[in-house]
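Comments concern the structure below.
There are 2 protein chains.
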Amino acid sequence: MYTVSVPEEGELVRDVALKSKSCAVIGGGAIGMEIALALKHLGVDVHITKRSEPALPRNVDPDMGTILVDHIKEKGLHVYFGKGIDSINGKEVVESVTIGGEMIPVDFVVMAAGVDSNIDLGEKMGIECERGSIKTNERMETSIPSVYAIGDNCLSHHMIDKTPARIALATTAYRQAMVAGVNAAGGDAVYDGTLGTFVSFVGDLEVSATGYNTPGAERAGYEVVSGRANTLDKPTWMPDAKEISIKVLADVETGKLLGGHSIGTEGTDWRINMIALGIKKGMTLSEFASVELAYCPPVSELYDPLLMATDVALRKLDAKKRRRG
Amino acid sequence: MYTVSVPEEGELVRDVALKSKSCAVIGGGAIGMEIALALKHLGVDVHITKRSEPALPRNVDPDMGTILVDHIKEKGLHVYFGKGIDSINGKEVVESVTIGGEMIPVDFVVMAAGVDSNIDLGEKMGIECERGSIKTNERMETSIPSVYAIGDNCLSHHMIDKTPARIALATTAYRQAMVAGVNAAGGDAVYDGTLGTFVSFVGDLEVSATGYNTPGAERAGYEVVSGRANTLDKPTWMPDAKEISIKVLADVETGKLLGGHSIGTEGTDWRINMIALGIKKGMTLSEFASVELAYCPPVSELYDPLLMATDVALRKLDAKKRRRG
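Those protein sequences? They're chains H and W, same order as listed.
With the working numbering applied, the first sequence corresponds to residues 19 to 343, in that order.
With the working numbering applied, the second sequence corresponds to residues 19 to 343, in that order.
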C-alpha cells in the first residue's frame with residue numbers, strides 16, 4: 019500500500035528474513051502485528067505470541083479485538099495470543115522457541131514487547147520520576163521549575179479523570195509540546211490531558227481508538243454502557259461501500275462519553291476523532307447522537323455507523339435506567 | 019467513479035444529450051454543476067450560467083469557490099457565472115440562449131435554478147407559512163398542534179443564532195424527523211437547529227461546508243476572522259498524500275466557531291463534521307485548536323490541515339485583539 023524508507027534496524031531484520039524460513043515475533047501489540055505481517059509478506063512463516071489473549075487489550079474491547087486476530091490468522095500468521103513465551107532455545111544461534119509448552123523451530127526471533135523510557139538525564143538532574151517516567155504537572159513542567167518534559171517518557175494525565183497517564187503517541191507528544199513551548203516562552207498554557215487517540219493499520223484493517231475501552235473504564239471505576247454497529251460506511255447500493263465496526267462507550271451514571279473504537283478499511287480515524295472531541299466537551303450520548311453530519315451517497319451514509327452505535331448505547335442506557343426505576 | 023440508477027427525468031435528459039451537440043445549463047449550484055459535468059461527460063458542449071459570480075456563494079467563501087470554478091473550466095465547461103441568462107431563443111425548439119448579450123447556439127437547455135416547496139396541503143389546512151415554507155417551532159410542530167413538518171418544505175431555525183432557516187438537505191430532514199417522531203409519539207424532543215452541514219462532489223473535487231461562510235456571517239451581524247490552510251492530508255513523503263484546502267471561521271467578539279468549508283478529493287466531510295460538532299458545543303478557536311486527533315502516516319497528518327487552519331485563524335484573532343488593545 020505504501021513505501022517508506024527502511025531505517026538501519028529494519029534493513030537488518032529484512033536481510034535476516036530474506037535468508038530465513040520461519041521466525042517468532044514476541045509481542046502482539048500494534049508494532050508486533052505490523053512487523054509479523056511484514057515478515058509474512060517477505061515469505062517467512064511467522065509465529066506471533068503475547069501474554070494476554072485479546073488484541074490491543076488497552077485500546078479495544080475483546081469483541082472488537084477478535085476482528086484483528088481473525089484477520090492476522092487469515093493473513094497466514096500462527097497466532098499464540100494469551101500464551102506468552104516460555105523460552106528461546108539454541109546455542110549461538112536461535113533454533114526454536116517454546117510457546118505454551120510447544121517447541122516450534124524458528125530461524126530468528128523479533129522482540130516487540132513494549133518500550134521503556136530512557137530517563138537517565140532526568141534522574142541525574144534530580145527530577146521527580148514515577149513508574150519509570152518523568153513526572154509533569156498540567157503545564158508540562160517537571161519538579162524543577164522551568165524544566166519541561168513531553169512525549170513518550172513523561173507521566174502526564176488522562177483527559178477524562180485526570181489520573182496519571184503515559185501515552186507514547188506522536189499525537190500526545192505534539193499537543194504536550196505546544197503547551198510546554200508556550201509556557202517555556204513565558205506564556206500560560208495548560209495541557210488538558212490525553213485520551214490516547216490513535217489510528218493504525220493491522221494488515222488491511224484500519225483501527226482507531228480513543229479514551230477508555232470497557233476493561234480500562236471498569237478499572238477506573240466506571241460502570242460502562244456501550245453500543246456497537248457493524249455496517250457499511252455508505253449506502254448499500256454504492257459499489258464502494260465498505261464494512262466498518264464501531265463501538266461507543268459511556269458512563270452509566272452520567273451518560274457521558276468515555277471512549278470508542280472502530281475497525282474498518284478507512285474512515286475509522288475521523289469517527290474516533292469525533293468521539294475524542296465529544297469527550298473533551300463532556301458530551302452525553304444523547305447530545306452526541308444529535309450531531310449534524312455531512313451526507314452524500316458517494317461519501318457517507320445518512321445514518322452514519324457512528325450515530326448508529328451511539329443510538330444503540332443510548333437505548334441500552336435508557337433501558338438500564340428504566341429497569342432501575 | 020460510481021454508478022447509480024437514473025430516474026425517468028434523468029433518462030430523458032440523457033436521451034436528448036446523446037442526440038445533441040451543445041446545451042446550456044441555467045443554474046450553477048451543486049446540482050447545476052453536477053448535471054453540467056455529466057452532460058460534458060456524454061460529449062455535449064456545455065455552457066453553464068448563473069446570476070451570482072462565486073460558486074456555492076451561500077456555502078463557501080469566494081476565494082475557495084474559485085477552486086471549483088477553475089476545476090469545472092478545466093473539465094471543459096464554458097462558465098458564465100455572474101451573468102445569468104437574458105433569453106432562451108427559438109421557435110418550437112430551442113435554437114440558442116443569450117447570456118450577457120452574447121447569443122450562443124444550443125440544442126437544449128437544462129433548468130437547475132433552485133427549488134420551491136409544495137406547501138399546498140399545509141396552506142389548505144390553514145397552517146402558518148412563511149417564505150413559501152411551513153413554519154415550525156423547535157419541537158418541529160406547525161401552528162396546528164400535533165401536526166409536524168420536517169425537511170425541505172419547513173422553515174426551521176439556524177443552530178448558531180436561532181434565526182429562521184430552511185435547509186433542503188437530507189441531513190437536516192433526518193435530524194428533524196427524529197425530533198418530530200419523538201414528539202408525535204408523546205415524547206419531548208427539541209431540534210437544536212441546522213448548520214447546513216453538507217458534502218458534495220463537483221467533478222473530481224469533494225466539497226464540504228458547515229455553518230456560516232464569511233458573507234453569510236457578516237449578513238448575520240458577525241465580525242469574522244478566518245484561517246485557511248492549503249496543504250496535504252498526509253505527510254509529504256506518503257505517495258498517496260492529497261491536496262486539501264480548508265477554511266475555519268470564527269466570531270471576533272467571542273472567538274467562537276461560526277463555520278468552515280473544505281475542498282479536496284477526500285476526507286473533507288469529517289473535518290467539517292468536527293467543526294459542526296465544535297459549533298454545537300459553542301467551542302472557541304483556542305479550545306478547538308487543542309483537540310486530540312488520531313495520527314499515523316498512511317492515514318493522516320500529525321498537524322492536520324484542520325488544526326493548521328484553526329491556528330491561522332487563532333493567530334489572526336490574537337493579532338486583531340492586540341491591535342485594538
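Here a beta-carbon is modelled for each residue, glycine too, at the ideal position from N, C-alpha and C.
| Query | Result |
| --- | --- |
| How many angstroms separate the CA atom of I297/W from the CA atom of L325/W? | 15 Å |
| Residues in its own chain within less than 6 Å of I162/H by CB, not counting five upstream and five downstream? | I145 |
| Please work out which residues of its chain come closer than 8 Å, Cβ to Cβ, to V31/W, disregarding the five sequence neighbours upstream and downstream, and give them in chain order. | I53, L57, V128 |
| Residues of chain H with CB under 9 Å from L213/W, in chain order? | E310 |
| Could you give the residue range of the alpha helix (DSSP H) that holds M51/W? | 48-59 |
| Could you tell me the boundaries of the beta strand (DSSP E) in which I178/W lies? | Taken as a continuous stretch (DSSP letters only), I178/W belongs to no beta strand (DSSP E), as it is neither H nor E. |
| Kindly indicate which three-state DSSP category L276/H falls into: helix, strand or coil? | strand |
| Please report the Cβ distance between P315/W and P253/W, rounded to the nearest whole angstrom; I am assuming they are in contact, meaning their Cβ atoms lie under 8 Å. | 5 Å |
| Considering just the uninterrupted stretch of the beta strand (DSSP E) at T116/H, what are its terminal residues? | 114-117 |
| Could you check the C-alpha separation between R237/H and V78/H for me, to the nearest Å? | 14 Å |
| Measuring only the C-alpha atoms, how far is L213/W from I152/H? | 44 Å |
| Using the beta-carbon of each residue, which ones in chain W are nearer than 9 Å to M143/H? | Ordered by position in chain W, no residue passes the 9 Å Cβ test against M143/H, which lies about 28 Å from the chain. |
| Contact between the segment 300-314 of chain W and the segment 215-222 of chain H is defined here as three or more beta-carbon pairs at a separation below 8 Å; is this criterion met? | yes |
| Does N231/W come out as helix, strand or coil in the three-state DSSP assignment? | coil |
| So if I threshold CB-CB distances at 8 Å, which residues from the segment 183-201 of chain H count as touching chain W? | L187, A188, T189, T190, Y192, R193, M196 |
| Rounded to whole angstroms, what's the CA-CA distance from G204/W to S304/H? Just pull it up for me. | 18 Å |
| Short of 6 Å in beta carbon distance, which residues of its chain neighbour Y20/W, apart from the five on each side in sequence? Order them along the chain. | Low per-residue confidence applies at Y20/W: pLDDT is 42, beneath 50, and the placement is therefore not dependable enough to give any value. |
| Measuring straight from C-alpha to C-alpha, what distance separates I262/W and H279/W? | 11 Å |
| For T249/W, does the three-state DSSP call read helix, strand or coil? | strand |
| Within the 7 Å Cβ cut-off, does N248/W reach chain H? | no |
| Please state whether DSSP places G343/H in a helix, a strand or coil. | coil |
| At a Cβ cut of 9 Å, what residues of the segment 284-296 of chain W count as close to chain H, listed as they run along the chain? | E284, G285, T286, D287, W288, R289, I290, N291, M292, A294, L295, G296 |
| Considering just the uninterrupted stretch of the beta strand (DSSP E) at V133/W, what are its terminal residues? | Premise fails: V133/W is in no beta strand (DSSP E) and is neither H nor E. |
| Which of helix, strand or coil does DSSP assign to A268/W? | strand |
| Would you call the CB atoms of T283/W and E224/W closer than 7 Å? | yes |
| Roughly how many angstroms separate the alpha carbons of T272/W and N291/W, rounded to a whole number? | 21 Å |
| Tell me, please, which residues DSSP counts as bridged to S218/W. | V225/W |
| Strictly below 7 Å CB to CB, what residues from chain W border E224/H? | V317 |
| Just to confirm the assignment, what range does the alpha helix (DSSP H) spanning S304/W have? | 303-306 |
| State the CB to CB distance for the pair L335/H and A247/H, rounded to an integer number of angstroms; the pair is presumed to be in contact (CB under 8 Å). | Between A247/H and L335/H the Cβ distance is about 15 Å, and since that is not below 8 Å, they are no contact. |
| Please list the terminal residues of the continuous alpha helix (DSSP H) segment that includes I152/W. | Where I152/W is concerned, there is no enclosing alpha helix (DSSP H), although the beta strand (DSSP E) it sits in stretches over 151-153. |
| Ignoring anything shorter than 4 residues, give me the alpha helix (DSSP H) runs that lie fully in the segment 61-121 of chain H, in order along the chain. | 80-92 |
| So which residues on chain W does D210/H lean against when the C-beta distance must stay under 7 Å? | S308 |
| With a threshold of 16 other CB atoms inside 10 Å of the CB of M51/H, please say whether the residue is buried or exposed. | buried |
| Does DSSP put E146/H in a helix, in a strand, or in coil? | coil |
| DSSP on A42/W, reduced to helix/strand/coil? | strand |
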